[in-house]
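Enquirer: Got a structure for you, questions after.
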Amino acid sequence: MATMKSRAIFVTGLWRENPVFRQILGICSALAVTNLLVNTLIMSLGLIFVTSMSNVTVSILRGVTPPRIRMMVQTLVIASYVIIVDITLKAYLPDISQALGPYVGLIITNCIIMGRCEAFARNNPVLPSLLDGIASGCGYAFVLLSVAFFREMLGFGTFFGVRVMPAAWTNWTIMVMAPGAFFMLGAFIWVVRSFGPKEEKPETAR
Amino acid sequence: MELGLSAFVIFFAAIFTNNILLTNFLGMCSFLAVSREVKSSLGLGFAVIFVMTCTSALNYLVYYHLLVPLGLEHFRFIVFIIVIAAFVQLVEMVIERSSPVLYVILGIFLPLITVNCAILGVALFMIIRNYTFLQSVAYGAGGGIGWTLAIVAMGGIRQKMRGAPVPKSLEGPGITLIIAGLMALAFIGFTGMIQIQ
Chain A
3 MATMKSRAIF VTGLWRENPV FRQILGICSA LAVTNLLVNT LIMSLGLIFV TSMSNVTVSI
63 LRGVTPPRIR MMVQTLVIAS YVIIVDITLK AYLPDISQAL GPYVGLIITN CIIMGRCEAF
123 ARNNPVLPSL LDGIASGCGY AFVLLSVAFF REMLGFGTFF GVRVMPAAWT NWTIMVMAPG
183 AFFMLGAFIW VVRSFGPKEE KPETAR
Chain B
91 MELGLSAFVI FFAAIFTNNI LLTNFLGMCS FLAVSREVKS SLGLGFAVIF VMTCTSALNY
151 LVYYHLLVPL GLEHFRFIVF IIVIAAFVQL VEMVIERSSP VLYVILGIFL PLITVNCAIL
211 GVALFMIIRN YTFLQSVAYG AGGGIGWTLA IVAMGGIRQK MRGAPVPKSL EGPGITLIIA
271 GLMALAFIGF TGMIQIQ
């Protein structure tokens, strides 16, 4: 049972119900941090950590949380993990912490995490909740990294800071500015949705 | 951060050049969900202006007069979110009792606001940029007005677009994001006037 079910959870989180493409959650940070791949990677790792750990915690607490105040409890759980991420970043990666600015704190209001706690962890045992958290986090990370890949490539001509475009390449400055983020994500959603709602093949291809 | 930047300048900068939605991408979730028509956009917009102005003042006081003296700056995320949630709850109760008209206009939108990242974002920006009390309130009010401006404009555009032949898979969030991109492009035109960070 374990393998079948966890596989299903992963496919759902990564592709079928990808939080960004399908459910349009967590757009704020998807747009804000994607101008450089390094920032995006750190942000995604932070989000995967927070999603999975708060899913686990909410799942452990699911028997003892009165339903009335569950939103408050979930928010507090999420906020605690975000604080851990924030402190860790400040201590070990001060530059990136500076660049991400308030967006680390804004993981709290990222609807993906609250959504997963509310929809999944609240009614499921610990292990599936952990997997679900990781899967949703990875789905988010996948989208962000793809958007960031194109934005950095077109905007700076680099890949993780290493120049890959030929010298004649003119940087599309618009791509690292705000409108570029909107255009890129809009185009991405367009492409993904054109595959149709039942398309599942690309999952194995990736 | 230059010290000479007055609250007045910050107020206008938050509306136009540093529009919280179009340059900082805050509050996108409710932006995409609610901007289908002008009327509901306007309702949510007013609620955001009100809550954002008041909570930025409250959060400023709590942060500098409670957390900093106690050395608890790291807990600001938790404290801010509690302040915002409690304030929204309080406003909802007060409005329900005292002004049924206002409750009809703002009522359904208030619960949405607690999870609106723009509110928390404003609080975090004001800490990072070391604003004074007056500057913070101006930033909160300006940010709220700028957010409202963007969502109402989007509501108007989407209302007009209802009959437009948009490709099937681009409908909904896709086209909204692209329109938002065009709006952001237009707002960049203001950048030359004033700049805050």
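First to last, the protein sequences are chains A and B.
The opening residue of the first sequence carries number 3 in the numbering used here; numbering runs sequentially from there.
The opening residue of the second sequence carries number 91 in the numbering used here; numbering runs sequentially from there.
Even glycine gets a Cβ: it sits at the ideal position worked out from N, Cα and C.
Going by alpha carbons, who is nearest to ILE114 of chain A out of A:LYS7, A:PHE152, A:PHE23?
Expert: Of the listed residues, the one whose Cα sits closest to ILE114 of chain A is A:PHE23.
Enquirer: Chain B beta carbons: is any one of them nearer than 7 angstroms to that of ILE11 of chain A?
Expert: No - not a single Cβ of chain B is within 7 angstroms of the one on ILE11 of chain A.
Enquirer: Hey, which unbroken runs of the alpha helix (DSSP H) at 4 residues or more fall wholly within the segment 111-192 of chain A?
Expert: The segment 111-192 of chain A contains these whole alpha helix (DSSP H) runs: 113-121, 128-158, 175-178.
Enquirer: Beta carbon of ALA93 of chain A, beta carbon of ASN41 of chain A: below 7 angstroms?
Expert: Their beta carbons are not under 7 angstroms apart, which means ALA93 of chain A does not touch ASN41 of chain A by this criterion.
Enquirer: Give the C-beta separation of ILE191 of chain A and PRO263 of chain B to the nearest angstrom, bearing in mind that I take them to be a contact with Cβ-Cβ under 8 angstroms.
Expert: Going by Cβ atoms, the distance from ILE191 of chain A to PRO263 of chain B rounds to 6 angstroms, so yes, they are a contact pair.
Enquirer: Over what stretch of residues does the alpha helix (DSSP H) that includes LEU153 of chain B continue unbroken?
Expert: Sequence inspection shows Tyr at residue 153 of chain B; the Leu mentioned does not correspond to that position. Neither: TYR153 of chain B is in no alpha helix (DSSP H) and is coded neither H nor E.
Enquirer: Please tell me whether ASN57 of chain A and ARG118 of chain A are closer than 7 angstroms, where the distance is taken between their beta carbons.
Expert: Yes, these two residues count as a Cβ contact at 7 angstroms.
Enquirer: For the segment 148-162 of chain A against the segment 66-81 of chain A, are there 3 or more C-beta pairs whose distance is under 8 angstroms?
Expert: Taking 8 angstroms as the limit for Cβ pairs, the verdict is that the segment 66-81 of chain A does not touch the segment 148-162 of chain A.
Enquirer: I'd like to know if GLY271 of chain B contacts chain A, where contact means its C-beta is closer than 7 angstroms to some C-beta of that chain.
Expert: Taking Cβ atoms only, chain A reaches closer than 7 angstroms to GLY271 of chain B, which makes this a yes.
Enquirer: If you measure from the beta carbon of LEU133 of chain A to each beta carbon in chain B, is any gap under 7 angstroms?
Expert: LEU133 of chain A does not count as touching chain B.
Enquirer: Listed in chain order, which residues of the segment 26-46 of chain A have Cβ atoms closer than 7 angstroms to some Cβ of chain B?
Expert: Taking 7 angstroms as the Cβ-Cβ cut-off against chain B, the residues of the segment 26-46 of chain A that qualify are ILE26, LEU27, ILE29, CYS30, LEU33, ALA34.
Enquirer: Could you list which residues in chain A have their beta carbon closer than 9 angstroms to that of CYS144 of chain B, in chain order?
Expert: Within chain A, no residue comes near CYS144 of chain B; the closest Cβ sits about 18 angstroms away, beyond 9 angstroms.
Enquirer: Contact criterion: CB-CB distance below 7 angstroms. Does PHE115 of chain B meet it with respect to chain A?
Expert: With 7 angstroms as the cut-off, PHE115 of chain B counts as an interface residue toward chain A.
Enquirer: Counting contacts by CB-CB distance shorter than 7 angstroms, is GLY157 of chain A in contact with chain B?
Expert: Cβ-Cβ to chain B under 7 angstroms: no for GLY157 of chain A.
Enquirer: With 9 angstroms as the limit, tell me which residues of the segment 156-187 of chain A have their beta carbon closer than that to any beta carbon of chain B; keep them in chain order.
Expert: Result list: ILE176, MET179, ALA180, PRO181, GLY182, ALA183, PHE184, PHE185, MET186, LEU187.
Enquirer: Does CYS212 of chain A have its Cβ less than 7 angstroms from a Cβ in chain B?
Expert: The structure shown does not extend to residue 212 of chain A, since chain A is modelled only from 3 through 208, so no value can be given for it.
Enquirer: Going by DSSP, what residue range makes up the alpha helix (DSSP H) through TYR229 of chain B?
Expert: 223-250 is the extent of the alpha helix (DSSP H) around TYR229 of chain B.
Enquirer: State yes or no: is the beta carbon of PRO104 of chain A nearer than 7 angstroms to at least one beta carbon in chain E?
Expert: Of the protein chains in the structure, A and B, none is chain E.
Enquirer: Out of curiosity, what's the CA-to-CA distance linking TYR153 of chain B and TYR229 of chain B?
Expert: So the alpha carbons of these two residues sit roughly 16 angstroms apart.
Enquirer: Taking 6 angstroms as the cut-off, is the CB of ILE114 of chain A close to at least one heavy atom of the ligand MN?
Expert: Absence of the ligand MN is noted for the structure shown, with no ligands found whatsoever.
Enquirer: Just to confirm, are VAL166 of chain A and TYR105 of chain A a CB contact at a threshold of 7 angstroms?
Expert: Contact: no.
Enquirer: Name the residue from A:PRO69, A:THR175, A:LEU147, A:PHE12 whose alpha carbon lies nearest to the alpha carbon of THR125 of chain A.
Expert: Note that residue 125 of chain A is Asn in the sequence shown here, rather than Thr. Nearest C-alpha to ASN125 of chain A: A:PRO69.
Enquirer: Spatial neighbours of ILE209 of chain B within its chain, please: CB distance less than 7 angstroms, with the 5 preceding and 5 following residues excluded, ordered by chain position.
Expert: Excluding residues within five positions, the ones whose Cβ falls inside 7 angstroms are VAL141, MET142, THR145, ILE174, ILE203.
Enquirer: For ILE26 of chain A, does the three-state DSSP call read helix, strand or coil?
Expert: It is coil, neither helix nor strand.
Enquirer: Give the residues of chain B in contact with ALA93 of chain A, contact being defined as C-beta atoms less than 8 angstroms apart.
Expert: What ALA93 of chain A touches in chain B: nothing, since even the nearest Cβ is about 11 angstroms away.
Enquirer: In this structure, how does DSSP classify ALA276 of chain B when only helix, strand and coil are distinguished?
Expert: ALA276 of chain B: helix per DSSP, three-state reduction.
Enquirer: List, in order along the chain, the chain B residues whose C-beta lies closer than 7 angstroms to that of LEU78 of chain A?
Expert: Here the neighbours are ILE168.
Enquirer: State the DSSP-derived secondary structure class of PHE101 of chain B, mapped to helix, strand or coil.
Expert: Three-state result, PHE101 of chain B: helix.
Enquirer: Taking GLY15 of chain A as the reference, give the member of A:ILE80, A:ILE110, A:ILE136 with the closest Cα.
Expert: It is A:ILE136.
Enquirer: So, at 6 angstroms on beta carbons, what are the nonlocal neighbours of THR206 of chain A in its own chain, with the 5 sequence-adjacent residues on each side left out?
Expert: Legend: pLDDT at THR206 of chain A = 36, less than 50; position of this residue unreliable, value from coordinates given subsequently. Excluding positions up to five away in sequence, the list is empty.
Enquirer: Cβ closer than 8 angstroms: which chain B residues qualify as neighbours of VAL84 of chain A?
Expert: The contacting residues are PHE167.
Enquirer: Would you identify the three-state DSSP class for THR206 of chain A, choosing helix, strand or coil?
Expert: For THR206 of chain A, the predicted structure reports a pLDDT of 36, less than 50, and the residue's modelled location is therefore unreliable. The matter cannot be settled from this model.
Enquirer: Which of the three DSSP states, helix, strand or coil, is assigned to PRO159 of chain B?
Expert: Three-state DSSP puts PRO159 of chain B in a helix.
Enquirer: Can you tell me which of the three DSSP states PHE106 of chain B falls into?
Expert: Here PHE106 of chain B sits in coil by DSSP.
Enquirer: So, for SER61 of chain A: in the same chain, excluding its five sequence neighbours on each side, which residues have a beta-carbon less than 7 angstroms away from its beta-carbon?
Expert: For SER61 of chain A, where only same-chain residues beyond five positions count, the Cβ hits under 7 angstroms are ALA123, ASN126, PRO127, VAL128, SER131.
Enquirer: Taking 7 angstroms as the CB-CB cut-off, is ALA274 of chain B touching chain A?
Expert: Answer yes: the Cβ-Cβ gap between ALA274 of chain B and chain A drops below 7 angstroms somewhere.
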